[in-house]
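**Student:**
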RNA sequence: CGGGAAGUAGCGCAGUUGGCUAGCGCGCUUCGUUCGGGACGAAGAGGUCGCGGGUUCAAGUCCCGCCUUCCCGACCA
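Residue numbers (my numbering): 13 to 424.
1) Buried or exposed: which applies to residue 424, given that a residue is buried once 16 or more other Cβ atoms fall within 10 Å of its Cβ?
2) Exposed or buried, residue 273, counting other C-beta atoms within 10 Å across all chains shown (16 or more means buried)?
3) Span of the alpha helix (DSSP H) holding residue 124?
4) Along the chain, where does the beta strand (DSSP E) containing residue 384 start, and where does it finish?
5) Using 10 angstroms around the beta-carbon of residue 96, count the other beta-carbons present and answer buried if the total reaches 16, otherwise exposed.
6) Tell me the rounded alpha-carbon separation between residue 155 and residue 117.
7) Per DSSP, residue 222 is paired with what?
8) Using the Cα positions of residue 360 and residue 328, report the straight-line distance between them to the nearest angstrom.
9) Mind the definition here: the region 290-307 touches the region 263-282 only if three or more C-beta pairs lie below 8 Å; say whether that holds.
10) Let's test the definition: count the other Cβ atoms within 10 Å of the Cβ of residue 363 and tell me whether it reaches 16, buried, or not, exposed.
11) According to the neighbour-count rule (16 or more other Cβ atoms, all chains shown, within 10 Å of its Cβ), is residue 189 buried or exposed?
12) Can you check which of these residues, 110, 113, 152, 343, is closest to residue 122 by C-alpha distance?
13) Quick one: give me the first and last residue of the beta strand (DSSP E) that residue 244 is part of.
14) Within the continuous alpha helix (DSSP H) that includes residue 273, where are the two ends?
15) Closer than 8 Å is the cut-off here; do at least three beta carbon pairs connect the region 63-76 with the region 186-203?
16) So what's residue 69 in DSSP terms, helix, strand or just coil?
17) Taking the alpha carbon of residue 422 as the reference point, which residue from 249, 410, 402 has its own alpha carbon closest?
18) Taking the beta strand (DSSP E) that residue 234 belongs to, which residues open and close that run?
19) Under 7 Å Cβ to Cβ from residue 351, same chain only, skipping five residues before and after it: list those, please.
20) Whose CA, out of 113, 111, 120, 94, lies closest to the CA of residue 103?
21) Report all residues from its chain with a CB closer than 6 Å to the CB of residue 306; omit the five preceding and five following residues, and keep chain order.
22) Under the rule that 16 or more other beta-carbon atoms within 10 Å means buried, what is residue 286, buried or exposed?
23) Less than 8 Å separating the beta-carbons of residue 206 and residue 220?
24) Taking C-beta to C-beta, are residue 201 and residue 312 nearer than 8 Å?
25) Kindly identify the DSSP beta-bridge partner or partners of residue 168.
26) Mark residue 125 as exposed unless 16 or more other C-beta atoms lie within 10 angstroms of its C-beta, in which case mark it buried.
27) Run the CB neighbour count on residue 210, radius 10 Å, all protein chains shown included, and call it buried at 16 or more, exposed below.
28) Per DSSP, what kind of secondary structure is residue 409 in: helix, strand or coil?
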C-alpha cells in the first residue's frame, strides 16, 4: 500500500479531553473517529487491526470445533421477557417501538437468541455437543462511557455458546474455550491474568475472567507472587495478606458455565438415549474485541506512539524513503516494496512528499514493527537501514540482504 | 444517575474591567525553494464564538435555561 493513496489521518497534537494513552494514540494514529460519546468509526488502519484480531479469534475458535454464524442485532423484546432479562438489563438496553408497534431492542448480548435458535434445530442427544460463535456488534446504553473504545455503547464482541448433554461435556468445552483464550491473547501480544469471578447478570455458577494489566483498568486483581494465585478484587475486600500484590487491570474476556438457566426458560431441550426430555447444559464465552485493541495499545507503546505486536500490526513493514524528490531513490524504494510484497509481507510505502521529520514521527506513531529507511548517503554505498520499532534497534545492511534480513527479523 | 471540569476554524489554543472588521500555531489550497527527526518564503480558503432567551447603545465576554463532551464514583466485554 502506498501511503499517499491510503487514509491515515495522523494528528500531531494530543486531542483534548482524552486521558487514556490508548484513547489518545488511537485517535492520533488515525485508527478511529468518534461520532458521539461511546460510538466510534473504525478508519481503514484501525479496521485492518480489528480484522487481524478477529481472524486470530476465528482461527482459534475454529481449531476447537466451533462454528461461526451471525445473529441479528434487532430482537423482539418478548424473547427477553421469557428469561426476565428485559428487566435485569433494562438500564443498558436500547429498546424502542417499531412502526408496527412491536417493542424491539438492540442486542446487548445473545444468550436468548442463540438458545432460541438451538432449541429450534437441536432435538436429539445425537446433535450434541455443539458450539457456535459470532463476532458482532453489541449495543449497551452505558450511563458512562469511558476511555474511547474501552467502554463504548456500540462495540464488537466475540461471543460463543456451547450446548452439551451434561455437565461433564460442559466442563470439557469450558476448558477448550479457556485454552483457546490463552492462545488468542498471547497471539495478540498480551499477558493475560485469569481469575475466578462472579457471574453477575449472566447467571450460572463457575466463571473466569481474562484481564490485562493496564493503568486504565476498571478492575483489580490480587496476585500472589509465591504461588501465582489470582483473586479478583471484590467490593470492600481487604488486603489478602503477605505475598499478595494488587494489580489494576482491564477485563477482556469472560467465560461462564451457565447450566440450564436459558435452556429452561426458552425450552431448549433434547431427547436422550432413553427418550427422556432434558434441558441442554450451556456455557457462554465472550471477548471484547474492540476493547482488546485498546488494551494492546495500553501495553504496547512508548512516548512516540504505538508498537504493534507482529500478528496484529496493520502492516509488517514500512518503507520510508527520506528524499522523495530523488527519482533514483524513489524507484529503489518501489523495487524494495515489490520485493517484500512478493515475499508475502504486507508493506506500507510512505511515498508522501513530506519532510523527513514528519515521516519519521508518523512512522513511530503508527507503529509498524519494521521500518526500512532509504536515504541518499547509505544508498550510494549500496546500503539500507532497518529500524525495529520495539526497542529501536538499527541495522544497516547491503541492499541485496534486505529481504532476508527483514524476514529473519520478522520471525524473531 | 450523584460530584467535578470543559465547549471560539479540521486539530491545539489566546481573547484583559463588556467596546473597532474575532486572533495565533498546526493542518488545508496555489507557486517556488527544500529534503536523515513534525523545513522556509509568498499568496489564499476556512467561523451559527455549543444552542435558546435575557440585560445593554454595544455580548465570545454578564445573567438564566438547555445541549454536548471529558474526568471521579455507583454498574458491565
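Idealized CB from N, CA, C, for every residue including glycine.
**Tutor:** Taking the structure as given:
1) Looking up residue 424 in the first chain gives position 412. Of the residues assessed, residue 424 falls on the exposed side of the cut-off, its CB having fewer than 16 other CB atoms within 10 angstroms.
2) Translated into positions along the first chain, residue 273 becomes position 261. So residue 273 counts as buried.
3) Taking the first chain and counting its residues from 1, the one referred to as residue 124 is at position 112. Residue 124 -> alpha helix (DSSP H) spans 123-133.
4) In the first chain, counting from the first residue as 1, residue 384 sits at position 372. First-last of the beta strand (DSSP E) with residue 384: 382-386.
5) Stepping through the first chain from its first residue, residue 96 is reached at position 84. When all chains shown are included, residue 96 counts as exposed.
6) As a working mapping, residue 155 is identified with position 143 in the first chain. As a working mapping, residue 117 is identified with position 105 in the first chain. Using only the alpha carbons, I get a separation of about 17 Å.
7) Here residue 222 refers to the residue found at position 210 when the first chain is read from its first residue. Residue 222 is bridged to 206, 265.
8) Stepping through the first chain from its first residue, residue 360 is reached at position 348. Stepping through the first chain from its first residue, residue 328 is reached at position 316. Those two C-alpha atoms are separated by around 8 Å.
9) yes
10) As a working mapping, residue 363 is identified with position 351 in the first chain. The residue is buried, with at least 16 neighbouring Cβ atoms inside 10 Å.
11) On the first chain, residue 189 is found 177 positions in, with the first residue counted as 1. That one is buried.
12) Counting from one through the first chain, the residue named residue 122 turns up at place 110. For residue 122, the nearest C-alpha among the options comes from 152.
13) Counting from one through the first chain, the residue named residue 244 turns up at place 232. Where residue 244 is concerned, the enclosing beta strand (DSSP E) stretches over 242-244.
14) In the first chain, the residue the question calls residue 273 occupies position 261. Residue 273 -> alpha helix (DSSP H) spans 273-278.
15) Judged by pairs of C-beta atoms under 8 Å, the region 63-76 touches the region 186-203, as three or more such pairs exist.
16) Within the first chain, numbered from 1, the residue matching residue 69 stands at position 57. Helix.
17) As a first step, residue 422 must be located in the first chain, where it is residue number 410. Nearest C-alpha to residue 422: 402.
18) Here residue 234 corresponds to residue number 222 of the first chain, with the count starting at 1. Segment 231-236, the beta strand (DSSP E) holding residue 234.
19) For the purposes of this step, residue 351 is identified with residue 339 of the first chain, where counting begins at 1. The residues are 415.
20) Within the first chain, numbered from 1, the residue matching residue 103 stands at position 91. With distances taken between Cα atoms, residue 103 lies closest to 120.
21) Your numbering for residue 306 matches position 294 in the first chain. The answer, listed in chain order, is 34, 161, 162.
22) Residue mapping note: residue 286 aligns to position 274 of the first chain, counting from 1. By the neighbour-count criterion, in which a residue is buried when 16 or more other Cβ atoms sit within 10 angstroms of its Cβ, residue 286 is exposed.
23) Translated into the one-based positions of the first chain, residue 206 becomes position 194. Translated into the one-based positions of the first chain, residue 220 becomes position 208. For residue 206 and residue 220, yes; Cβs fall inside 8 Å.
24) Here residue 201 refers to the residue found at position 189 when the first chain is read from its first residue. Here residue 312 refers to the residue found at position 300 when the first chain is read from its first residue. Yes. Within cutoff.
25) For the purposes of this step, residue 168 is identified with residue 156 of the first chain, where counting begins at 1. In DSSP, residue 168 forms a bridge with 149.
26) For this step, residue 125 is matched to residue 113 along the first chain. Buried, because 16 or more other Cβ atoms sit within 10 Å of the Cβ of residue 125.
27) For the purposes of this step, residue 210 is taken as residue 198 along the first chain, with counting starting at 1. Under this definition residue 210 is an exposed residue.
28) Here residue 409 is taken as the residue at index 397 of the first chain, counted from 1. Strand.
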